[in-house]
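J.: The following block contains the structure, expressed as structure tokens.
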Amino acid sequence: MEWNKWGDDLQVSRMKANRNGSIHGSLEKISYTLGEMKRNKASYFLITPFMLVFFVFTVLPVILSIILSFTYYNVLEFPKWIGWYNYRKLFVDDEVFLKALSNTLVYAVITGPVGFFLSFFAAWAINEVPRRLKGLLTFVFYVPSISGTVYTIWSIIFNADIYGFANSFLIKFGFIHEPIQWFTTEKYILPLIIIVQLWMSMGVGFLAMRAGFASLGNQYYEAAAVDGLKNRWQELWYITIPMMAPHLMTAAVLQITAMFANAQVAHTLAGFPSTNYAGHLIMSHLQDYSSIRMERGYACAISALLFLFMIGINKLVLRFLKKVGV
Amino acid sequence: MIACLLLIQSACLHPVFAETTTSEGIPKSTDQETAGHSKNVIESFRKISYDTYIEKYKNMAAPNEEILIGAAGYSYAQGMQPEVLDPLKGTEKKSLKTGEEGFVEWEFHVDTEGLYNMSILYFPVEGKDSAIERELWIDGEIPFEGARTLVFQRVWKNGEEVKKDPSGNEYRPYQVESPMWQEAPVSGITSFNDENYKFYFSKGKHTIRLVSVKEPMIIEHIRLYNEEEVASYVAVTAQYNKLGYKSVSSDTKIIKIQGEDAVLKSDSILYPLEDHSSPANEPFSVSKIRMNTIGGYNWRYPGQWLVWEFDVEKEGLYKIGFRAKQDFKSGIFANRRLYIDGKVPFKEAETIQFKYGMGWQMVKAGEDEPCLFYLTKGKHQLKMEVTLGDIGSIIRPVEDCVRELNYIYRKILMITGSFPDPLRDYNIDSQLPESMEIFERQSKLLTETSKKLSEMTGKKGQESFEMEKLATQLNGFIKNPDTIPERLAKFNDNISALGMWILTVAEQPLTIDYLVIAPPEAQLPRGEVSWWEKIVHEMKAFVVSFFENYNIVGDVNTDSKDNPSTNKSKPITLWLGVGRDQAQVLKSLIDNNFTSETGVQVGIRLVDMSVMLRAVAAGEGPDLAIYQDQATPVNYALRSALQDLSEFPDIDEVLKRFSSSAVEPFRIGNSVYALPEQQWFDMMFYRKDILADLGVEPPQTWDDLYKLIPVLQKNHLEIGLPTPFNATAGGTINSIFTTFLYQKDGEIYSQDKSRCILNHNTGVDAFTRWLELYTKYKIPQMMDILTRFRVGEAPIIISPYVFYNSIVVGAPEIKGLWEMAPIPGTRHKDGTIRRDEGGNVTGTIMLKNAKDKEATWEFMKWWTSSDTQVKYGREMEALQGPSARWPTANIDAMWKLPWSAKDAKSIREQWQWVKAVPEIPGGYYTGRNIDNAIRTVVIKGENPRETLLDYVKMINDEIILKRKEFGME
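Those protein sequences? They're chains Z and G, same order as listed.
Sequential numbering from 1 applies to the first sequence in the working numbering.
Sequential numbering from 327 applies to the second sequence in the working numbering.
Structure, rendered in structure tokens:
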């Protein structure tokens, strides 16, 4: 009950604010805000612990890293201010970064949406199977992404030895005569990483979608059928997807951040750094500069850029998702 | 005096020497000797086993006669200088000290023809702490395979009482040798044979030769005799009744002997262990570490033994029980032979079986009705030895079978290659007529043996599965020889699987908590607690796990009352990024040898080394860190985080311990930023049997190797080199490249280390030669070297010398068939062969903000000293087995580690050629781009020179950038 009352209050105050308009002095607005804060001090009190932790461990590091991106900083010595130098170098004088950027785009554009749709269709398909199989199938699809570094089995499948699975298979059937160096041949590196990443894409996003499907009641479909829905595709487009919008959004955000921030698969399979940077992602570039070259200032500049990049892409995706099913 | 003695001996024995050489044709030059040796090796797979040997003489009598051969009166020695010693403590006669190389021979006369047991009275003189190994030759040849490896054990004991660290955790006592005279019967216990060997001697003159394989030893005599049969329990009880022995009354005190209190042991890895699985263990603590058991997985090889001592107050008959656990190997028993006061009391005590089970059991000697042992009042010794039991008779023929099938596999491979053309008829049966005969014989043998095994274990399948699988396949081969090439890969898998089976089935691990010697009527303590007690225990353990920090290994004692030395200096903090074993060994070494002498305490912390950088930045770093990889010291030093060690006055003295190549990577200008601790470099490993089979010598130079490659490839064999195509290897400069470069006097960086000069002619030349191995000679770009070496597909491997340990542990079935040698070199105009190569090091660093620099420096000197390095190396090896052999950078220490004399010589020969790969600012870019360069050329087929020049330009750009960063340019 209490919460409801607060909600009403909020509604009222919003209307008030609108009525007052924005032209009449910001002072008025500030005093109004302070008043509101005073009135709702219980709520502020309640979120303080979270905000403190969030600020100290998330917001502050982000700010610090943006500040550090304007310095020369090698961890062991005190940072020196060097202005825009890092950014200048990043954009005009770092070929490897451009390579990493293009790799990341290819990688993210393929694994992101494809992975997302794969998760969606897998979740949808699982939703259609008999109840008893559902749990089992969910588990089977989800397993690759919870079992940690299980993707290393791909390095066995694509082992460059003559006895590696893929090689010995291809040799046996006469496709090739000499073993292929899968993870050191430039043209294979990125495609292989993408394949492995797709194989692993049934992650938390997939679970969110499974939950979404599970929460859809039959009544909507029945009502729609009465209203003249013709087939399953229409069901999907007009009911399922709009109903699942929040889940889809969660899944999309998770998927995209994962695609940008995860270079572990690439490093484990193709090495770090990979041959001629063929599997180099922005994340790899960042790690290269922070741990191998010990240029943390530059690494911070890369991370700041990556941060902006992710925000932009997320915005884009969310805008796109809003249009779906309308 | 000894020299004089030797002179006299050699003078009077000269005729004998002449006689032996002519009659048996002992080869004179070493070259011939190796050739002769290889010949033996080829035939070795067909060598007679002990079973065939004894079958031949089974009708011979065993004369009840003893022949004692005094060791001091040896007749001939070669390759060593035996020393005749005056009677030592424990014997009355003169004895003979034999070296770690060469051989000694004795001549003696046999009066009665027949079969004899042999035993040797020996004293394990101080060597390199590894087991003593000898080959036994009779009348100039090895009588059967088992005589090729005779192992004479050393005797070990705890070097100290079990001690507690300040936080109350007990730590493992270190093990010291406790050498004593032992009369060891020559038996096949290390060759899957429980029996003491019998040897046939005709009437007349004979010679016995002991060829040293490992370690020196002192021998007093060799005895030929015939052992008495051990009486059965029934006979022994009859004896008890006759002599009127009575069971002790049930109120006699139960004697309990804690397993960890074993007074003597055959192996240094049989140290007390910690077991936390049951609250009934004695002693026990919920939260703290207690050394409460012994044995475990370390006590699994036949021949390993433990001895306990106990006091008996009342004379009479007792029963004996063991609180033990065999939770390692399901489906088989762990067998132990029980000796009381050095004797097996009756037949039933020869194999006491411990069943598999997850929990602790109370096992009695004797199956249903416990066997009774007669014990007099006073001190007694109880010894338990790992024996094979019946399984030995199963393993031996299978072992021969694997050897033979491996041989035939290789023969077939030489015809078909690893990927046979499915459309071609190879006619294996007519090309290799012997193969069919071998298949038939072995398939029959395997079927019989597997049947025998199922009968023995009472279970079908599981254990005999590997044998049946192979037998079925062999039958298929016989029926349909055309399918052999197709099924070759599977055949190889099956052989390997059977090989692994042999290795594991002979292992019989057993953990012992305590032994009980009790009156026959008494109730023995139970083996396991009830499930309820168990749950309570687990809950308690869970709760205390929140309050115990196991990452601090033996924290320093801050209570100055206990330890007055703390007032003298502050404790040093040491960070270690490896395992707990290393930390514990180091801690006990520090406590016993460093703190006790200098009064400086050292706290060890197990840390994930990736946090080191941040910790140092936050001022929370350690005083020093060990096990740092080659690039770290220079990297940190350039950012002024490390102490320059050249500021200490005695640095030059300290650096003499290492080869200059080990220190080079830690230098910037005249400063030194780390002391080397490990150094390793490539050696060449080759299969003696296969090369001899092909009639080729191991290559001395790269030109030899180039000539050899086609010969090998014609037979579908390969060579294996450290590969630049392993994507995840990361960053270091490939050692084959540096080998080519250094052997032609090339350098990676210019004199002042300011530029990469691989674009000069020697660099390009080395690069071209290196990549030609892949483009022109088509050596495999990737391979699993251990597997290929084991099955013989790659008879030549160049790899860091630690690979030696991998072979010893991972491929024991090819023991004696391979060798380690210096890498191929380049012959120069004057005829000498240069074998230069680059090596790798790890080092110990001191942080700039170390609190007490003098004390830390003292510690670093102590840690890298020969004495400490040897102790550390041996204890690590004692703890983790030979695979953990420590590749120390201290030259002096290296020779004291348990390498055999021959291997040590090879390593020494190679070590003098090792040159450093310098570390410079931006150096990480060099290895990375050299790899990129060769991958680009080999995989994409670009022009080598242009590619290399492009990459060298990139390397130099990075170096210049980094040099500017550090104000060096």
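Ideal Cβ positions, reconstructed from N, Cα and C, are used throughout, including at glycine.
The structure presented is a predicted model; accordingly, all values stated were derived computationally and were not measured.
Strictly under 7 Å for the Cβ-Cβ distance: is glutamine 1107 of chain G near chain Z by that measure?
T.: Start at 1 with the first residue of the second sequence, and residue 1107 of chain G comes out as number 781. Output row for glutamine 1107 of chain G: interface = yes.
J.: Put glutamine 757 of chain G into one of helix, strand or coil per three-state DSSP.
T.: One-based indexing of the second sequence puts residue 757 of chain G at position 431. The answer is helix: DSSP assigns glutamine 757 of chain G an H, G or I state.
J.: Does threonine 1252 of chain G get closer than 7 Å to chain Z when you measure Cβ to Cβ?
T.: Mapped onto the second sequence, residue 1252 of chain G falls at position 926. Closer than 7 Å: no.
J.: Please report whether the beta-carbon of threonine 71 of chain Z lies at a distance below 7 Å from any beta-carbon of chain G.
T.: On the first sequence, position 71 is the one that residue 71 of chain Z refers to. No, its Cβ sits nowhere closer than 7 Å to a Cβ of chain G.
J.: Under three-state DSSP, which class holds glycine 1319 of chain G?
T.: A question about residue 1319 of chain G goes unanswered here, because the residues of chain G that appear run from 327 up to 1295.
J.: Taking Cβ to Cβ, would you say valine 451 of chain G is nearer than 7 Å to isoleucine 544 of chain G?
T.: Working through the second sequence from its first residue, we reach residue 451 of chain G at position 125. Working through the second sequence from its first residue, we reach residue 544 of chain G at position 218. The answer is yes: Cβ separation under 7 Å.
J.: Taking any Cβ of chain Z, which residues in the region 722-745 of chain G have a Cβ under 7 Å from it, in chain order?
T.: Listed by position, the residues of the region 722-745 of chain G near chain Z (Cβ gap below 7 Å) are Ser744 and Phe745.
J.: If the cut is a Cβ gap below 7 Å, which residues of chain Z does phenylalanine 294 of chain G touch?
T.: The structure shown has nothing for residue 294 of chain G, since chain G only spans 327 to 1295.
J.: On the DSSP bridge list, what partners appear for asparagine 1166 of chain G?
T.: Locating residue 1166 of chain G in the second sequence gives position 840, counting from the first residue. Note: asparagine 1166 of chain G sits in a beta bridge opposite G:Trp1006.
J.: Do tryptophan 154 of chain Z and valine 106 of chain Z count as a contact pair if the criterion is CB distance below 7 Å?
T.: Counted from its first residue, the first sequence places residue 106 of chain Z at position 106. Counted from its first residue, the first sequence places residue 154 of chain Z at position 154. For valine 106 of chain Z and tryptophan 154 of chain Z, no; Cβs fall outside 7 Å.
J.: In or out: asparagine 753 of chain G buried (at least 16 other Cβ within 10 Å) or exposed?
T.: Mapped onto the second sequence, residue 753 of chain G falls at position 427. It is exposed - the Cβ of asparagine 753 of chain G has fewer than 16 other Cβ atoms within 10 Å.
J.: Do the CB positions of asparagine 86 of chain Z and glycine 217 of chain Z come within less than 7 Å of each other?
T.: Locating residue 86 of chain Z in the first sequence gives position 86, where the first residue counts as 1. Locating residue 217 of chain Z in the first sequence gives position 217, where the first residue counts as 1. No, these two residues do not count as a Cβ contact at 7 Å.
J.: Within the 7 Å Cβ cut-off, does leucine 68 of chain Z reach chain C?
T.: Annotation note: the requested chain C is absent from the structure, which comprises protein chains Z and G.
J.: Tell me where the beta strand (DSSP E) around isoleucine 678 of chain G begins and ends.
T.: If you number the second sequence from 1, residue 678 of chain G lands on position 352. Start and end: 678-680.
J.: Let me know if histidine 1154 of chain G comes out buried or exposed under the rule of 16 or more other beta-carbons within 10 Å of its beta-carbon.
T.: Residue numbering aside, residue 1154 of chain G sits at position 828 when the second sequence is read from its first letter. The residue in question, histidine 1154 of chain G, is exposed, as its Cβ has fewer than 16 Cβ neighbours within 10 Å.
J.: Could you have a look at cysteine 1082 of chain G and say whether DSSP puts it in helix, strand or coil?
T.: Counting from one through the second sequence, the residue named residue 1082 of chain G turns up at place 756. If DSSP states are grouped into helix, strand and coil, cysteine 1082 of chain G belongs with the strands.
J.: Are any of the Cβ atoms in chain G nearer than 7 Å to that of glutamate 77 of chain Z?
T.: The sequence position of residue 77 of chain Z within the first sequence is 77, counting from 1. Judged by the 7 Å Cβ criterion, glutamate 77 of chain Z is in contact with chain G.
J.: Are any of the Cβ atoms in chain Z nearer than 7 Å to that of threonine 899 of chain G?
T.: Taking the first residue of the second sequence as 1, we reach residue 899 of chain G at position 573. Output row for threonine 899 of chain G: interface = no.
J.: Suppose contacts are defined by Cβ-Cβ distances below 7 Å. Is serine 445 of chain G in contact with glutamate 546 of chain G by that definition?
T.: Here residue 445 of chain G refers to the residue found at position 119 of the second sequence. Here residue 546 of chain G refers to the residue found at position 220 of the second sequence. Contact flag unset, no.
J.: How many angstroms separate the CA atom of asparagine 1085 of chain G from the CA atom of tyrosine 999 of chain G?
T.: Stepping through the second sequence from its first residue, residue 1085 of chain G is reached at position 759. Stepping through the second sequence from its first residue, residue 999 of chain G is reached at position 673. Looking at the two C-alpha atoms, the distance is approximately 30 Å.
J.: Cβ of tyrosine 559 of chain G within 7 Å of Cβ of cysteine 697 of chain G?
T.: For the purposes of this step, residue 559 of chain G is identified with residue 233 of the second sequence, where counting begins at 1. For the purposes of this step, residue 697 of chain G is identified with residue 371 of the second sequence, where counting begins at 1. Contact flag set, yes.
J.: Return the chain-ordered list of same chain residues with a C-beta closer than 7 Å to the C-beta of asparagine 624 of chain G, the five sequence neighbours on each side being excluded.
T.: As a position in the second sequence, residue 624 of chain G is number 298, starting the count at 1. Cβ neighbours of asparagine 624 of chain G beyond the five flanking positions: Ile595 and Leu596.
J.: If you measure beta-carbon to beta-carbon, which residues of the region 942-971 of chain G are closer than 8 Å to chain Z?
T.: Answer set for the region 942-971 of chain G: Val942, Ala943, Asn961, Tyr962, Arg965, Ser966 and Ala967.
J.: Using a Cβ cut-off of 7 Å (strictly closer), state whether isoleucine 292 of chain Z contacts chain G.
T.: Taking the first residue of the first sequence as position 1, residue 292 of chain Z is located at position 292. Yes - at least one Cβ of chain G is within 7 Å of the one on isoleucine 292 of chain Z.
J.: Here's the rule: buried if 16 or more other CB atoms are within 10 angstroms of the residue's CB, otherwise exposed. What is lysine 315 of chain Z?
T.: Your numbering for residue 315 of chain Z matches position 315 in the first sequence. It counts as exposed.
J.: Closer than 7 Å by beta-carbon distance: list the chain Z residues that pair up with threonine 1262 of chain G, in chain order.
T.: In the second sequence, the residue the question calls residue 1262 of chain G occupies position 936. Here the neighbours are Asn276.
J.: Mind the definition here: the region 185-201 of chain Z touches the region 262-279 of chain Z only if three or more C-beta pairs lie below 8 Å; say whether that holds.
T.: Verdict: yes, contact present.
J.: In three-state terms, what does DSSP make of proline 353 of chain G?
T.: Taking the second sequence and counting its residues from 1, one reaches residue 353 of chain G at position 27. Bear in mind that a pLDDT of 36 at proline 353 of chain G, under 50, signals an unreliable position, so the model cannot answer this.
J.: Could you list which residues in chain G have their beta carbon closer than 8 Å to that of isoleucine 330 of chain Z, in chain order?
T.: As displayed, chain Z neither begins before 1 nor continues past 326, which places residue 330 of chain Z out of reach and without an answer.
J.: Hey, quick one: how far does the beta strand (DSSP E) through phenylalanine 449 of chain G stretch, first residue to last?
T.: Mapped onto the second sequence, residue 449 of chain G falls at position 123. Element bounds for phenylalanine 449 of chain G: 440-449.
J.: Rounding to the nearest angstrom, what Cα-Cα distance links asparagine 893 of chain G and threonine 924 of chain G in this structure?
T.: Walking along the second sequence from the start, residue 893 of chain G turns up at place 567. Walking along the second sequence from the start, residue 924 of chain G turns up at place 598. In this predicted model, asparagine 893 of chain G has a pLDDT of only 43, less than 50, meaning its place in the structure is not dependable enough to derive any value.
J.: Measuring straight from C-alpha to C-alpha, what distance separates glutamine 565 of chain G and phenylalanine 470 of chain G?
T.: Working through the second sequence from its first residue, we reach residue 565 of chain G at position 239. Working through the second sequence from its first residue, we reach residue 470 of chain G at position 144. In a straight line, the C-alpha of glutamine 565 of chain G is about 39 Å away from that of phenylalanine 470 of chain G.
J.: Could you check the C-alpha separation between phenylalanine 518 of chain G and valine 689 of chain G for me, to the nearest Å?
T.: Within the second sequence, residue 518 of chain G is the residue found at index 192, counting from 1. Within the second sequence, residue 689 of chain G is the residue found at index 363, counting from 1. Approximately 25 Å between the Cα atoms of the pair.
J.: Name the two residues that bound the continuous beta strand (DSSP E) containing glutamate 503 of chain G.
T.: Translated into positions along the second sequence, residue 503 of chain G becomes position 177. Unbroken beta strand (DSSP E) run through glutamate 503 of chain G: 501-503.
J.: Cutting at 8 Å between CB atoms, please list the residues of its own chain near alanine 388 of chain G, excluding the five before and the five after it.
T.: By 1-based counting over the second sequence, the position of residue 388 of chain G is 62. Correct list, in chain order: Gly440, Leu441, Tyr442, Lys524 and Asn552.
J.: Taking arginine 1200 of chain G as the reference, give the member of G:Lys454, G:Phe449, G:Ser613 and G:Ile380 with the closest Cα.
T.: Position 874 of the second sequence holds residue 1200 of chain G. Selected option, being the one with the closest Cα: G:Lys454.
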